[in-house]
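Quick notes on the structure that follows.
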Amino acid sequence: MNGRRLAGLVAALASLVPFAAGAAHVNAVTIDGSINPASSEYIQHVISLSESDGAVAALIELDTPGGLLASTQDIVQAMLNARVPVIVFVSPQGAWAASAGAFVTLAAHIAAMAPGTSIGSASPVSASGEGGDRTDEGVRRDVGAEKAEKFTTSFIESIARERKRNVEWAARAVREAEAIGGEQALELGVIDLVARDVDALFEQLDGREVDVNGELRVLTLADVEVRRIEMSTLMRIFNVLADPNVAMLLALAGFLGLYMEFNQPGMIVPGVLGLICLVLAGYAFQILPFSWVGLLVLALGVGLVAAELYVPAYGALFAAGLACLLIGGSMVFDVPEVSDLNVAFWPVLVPVVSAFAVFAAVVIFLVGRTFLLPQTAGVDELIGATGRAVSDLDPNGKVFIHGEYWRATASSRVAAGEAVEVVAVQGLRLRVRAAPGSV
75 MNGRRLAGLV AALASLVPFA AGAAHVNAVT IDGSINPASS EYIQHVISLS ESDGAVAALI
135 ELDTPGGLLA STQDIVQAML NARVPVIVFV SPQGAWAASA GAFVTLAAHI AAMAPGTSIG
195 SASPVSASGE GGDRTDEGVR RDVGAEKAEK FTTSFIESIA RERKRNVEWA ARAVREAEAI
255 GGEQALELGV IDLVARDVDA LFEQLDGREV DVNGELRVLT LADVEVRRIE MSTLMRIFNV
315 LADPNVAMLL ALAGFLGLYM EFNQPGMIVP GVLGLICLVL AGYAFQILPF SWVGLLVLAL
375 GVGLVAAELY VPAYGALFAA GLACLLIGGS MVFDVPEVSD LNVAFWPVLV PVVSAFAVFA
435 AVVIFLVGRT FLLPQTAGVD ELIGATGRAV SDLDPNGKVF IHGEYWRATA SSRVAAGEAV
495 EVVAVQGLRL RVRAAPGSV
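In my numbering, each residue carries its 1-based index in the sequence shown increased by 74.
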């Protein structure tokens, strides 16, 4: 997968953290956002680092709306095979481990949540609301979504079974999109404990036995040093680009920049910025799974808005283009079989398309208004122009107009130096008269 190759590049360039390996410590990372190739490599990096530098445990503080299935599989595989205890703590209060986050939490050796947090809602459902429903004979079913549901159900059940957690609830989290709070998760055996913060978490875990690949280990977390492992700069860049909202903003900004450049050639800056945005959007599309249909509808929308400049459709093409932008934007990352990420419709897509529409409408209005102006190119622009007589016009002579000398014929005598106005152009000779108001 292209996203994995990009994530591999990120991992290869990630910098090592210069801490001493001797002190008792826990390596900690914070995941605040989607599960994607960058965050996957980030978690795998801290697990690998914890194994090599003798850390007591690896701590993952989690707050995620979900993410890519492939990245989730990579994280779960690394956690299940880790040679160091991995603690997932859903925090701070108000955080959630939704969808992919539920898989990651269940796969930890220790799963903990802060009060006021939630976990679950792991169904592979599309943004349109379709994907999870199966019906009786004679009624259409979504076979692709059914396959995705069966696979993810089996996947989460195997994780829960391996970690001796509530398998029935894990299956309901996928099949019924069930979500529960921290206290209820503790009662149902989905997690191991509820703690207000990291200090309270370590206090409860100190002295607890953990099975790490068949070996019982006692967690010694009293007065342990917490070492925060930060993302490298390159990881941060890929982590930002892996957000569908950012990818959509970059794509539309790129289209807008090129739209401006094509309508006003020579501005340079909008065209260059538009190309940069499209290149970054291209990287984002390499990381994120996307729908070709959604992308084509999005491109069609831009094309229809641009066509309004040249086709007298009285706003019909413009309106159709905006509709395509909204529909295509909501569809482009709607791939429930491999990802539960999508563009936020009301908070992001609608405002961005509205801003695009306002700008495009202004451009169309200004360009359309120029079509209504009279033709002024060539010699016609001389009609009505004023200049001065170089010699006496009685009736013929010379005049100086627009920086040029012309032979001219006056309708009445004009003295040298007086102002004249062009009334007609006859070949290479001008017909002039004394300018109104001149003496």
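Backbone N, C-alpha and C define an ideal beta-carbon position, used for all residues, glycine too.
In three-state DSSP terms, what is residue i?
{"i": "T146", "result": "helix"}
{"i": "N240", "result": "coil"}
{"i": "N101", "result": "strand"}
{"i": "A321", "result": "helix"}
{"i": "M309", "result": "helix"}
{"i": "A535", "result": "Limits of the chain in this structure are 75 at one end and 513 at the other, which puts residue 535 out of reach."}
{"i": "R246", "result": "helix"}
{"i": "Q338", "result": "coil"}
{"i": "I303", "result": "coil"}
{"i": "E121", "result": "According to the sequence shown, residue 121 is Ile rather than Glu. In this structure, I121 counts as helix in the three-state DSSP scheme."}
{"i": "A67", "result": "Outside the shown range of the chain (75 to 513) lies residue 67, about which nothing can therefore be said."}
{"i": "R235", "result": "helix"}
{"i": "D273", "result": "helix"}
{"i": "A253", "result": "strand"}
{"i": "A131", "result": "strand"}
Measure the alpha-carbon distance for residue i versus residue j and round it to whole angstroms.
{"i": "A358", "j": "F364", "result": "10 angstroms"}
{"i": "E115", "j": "A397", "result": "38 angstroms"}
{"i": "G205", "j": "D127", "result": "Residue placement at G205 is flagged as unreliable, the pLDDT there being 45, under the threshold of 50; a coordinate-derived value is accordingly withheld."}
{"i": "E261", "j": "L180", "result": "15 angstroms"}
{"i": "I361", "j": "E220", "result": "25 angstroms"}
{"i": "D266", "j": "F225", "result": "26 angstroms"}
{"i": "E544", "j": "P198", "result": "Given that the chain is displayed from residue 75 to residue 513, the structure contains no residue 544 and the question cannot be resolved."}
{"i": "V346", "j": "V436", "result": "21 angstroms"}
{"i": "N155", "j": "G141", "result": "21 angstroms"}
{"i": "F163", "j": "P421", "result": "28 angstroms"}
{"i": "V499", "j": "A482", "result": "9 angstroms"}
{"i": "M405", "j": "F419", "result": "10 angstroms"}
{"i": "V300", "j": "V100", "result": "5 angstroms"}
{"i": "L502", "j": "W480", "result": "8 angstroms"}
{"i": "V213", "j": "A186", "result": "With a pLDDT of 46 at V213, under the threshold of 50, the predicted position of this residue should be treated as unreliable, though the coordinate-derived value follows. Straight-line Cα distance between these residues: approximately 42 angstroms."}
{"i": "G168", "j": "G331", "result": "39 angstroms"}
{"i": "R237", "j": "I254", "result": "19 angstroms"}
Rounded to the nearest angstrom, how far is the Cβ of residue i from that of residue j, given a contact under 8 angstroms?
{"i": "E135", "j": "V158", "result": "E135 to V158, Cβ: 17 angstroms. No contact."}
{"i": "A247", "j": "I230", "result": "7 angstroms"}
{"i": "G395", "j": "L423", "result": "The Cβ separation is near 15 angstroms, so there is no contact."}
{"i": "V409", "j": "M322", "result": "That pair is no contact at about 14 angstroms."}
{"i": "V150", "j": "I303", "result": "Actually they are not in contact, since the Cβ atoms of V150 and I303 sit about 20 angstroms apart, beyond 8 angstroms."}
{"i": "M334", "j": "P318", "result": "Actually they do not touch by this definition, with Cβ atoms about 25 angstroms apart."}
{"i": "L354", "j": "L391", "result": "Actually they do not touch by this definition, with Cβ atoms about 29 angstroms apart."}
So, does the stretch 262-276 touch the stretch 109-128, judging by three or more C-beta pairs under 8 angstroms? Proximity of the stretch 262-276 to the stretch 109-128 falls short of the contact definition, fewer than three beta-carbon pairs being nearer than 8 angstroms.
Report the residue ranges of all alpha helix (DSSP H) runs contained in full by the stretch 354-387; include only those spanning at least 4 residues, in chain order. 366-381, all fully within the stretch 354-387.
Curious, which full-length alpha helix (DSSP H) runs of at least 4 residues does the stretch 390-473 contain? Within the stretch 390-473, the complete alpha helix (DSSP H) runs of at least 4 residues are 390-405, 424-446.
Which full runs of the beta strand (DSSP E) of 3+ residues lie inside the stretch 156-203, going along the chain? Counting whole runs of 3 or more residues, the stretch 156-203 contains the beta strand (DSSP E) stretches 160-164, 170-172, 184-187, 192-194.
Mind the definition here: the stretch 291-299 touches the stretch 340-353 only if three or more C-beta pairs lie below 8 angstroms; say whether that holds. Too few Cβ pairs lie closer than 8 angstroms, so no.
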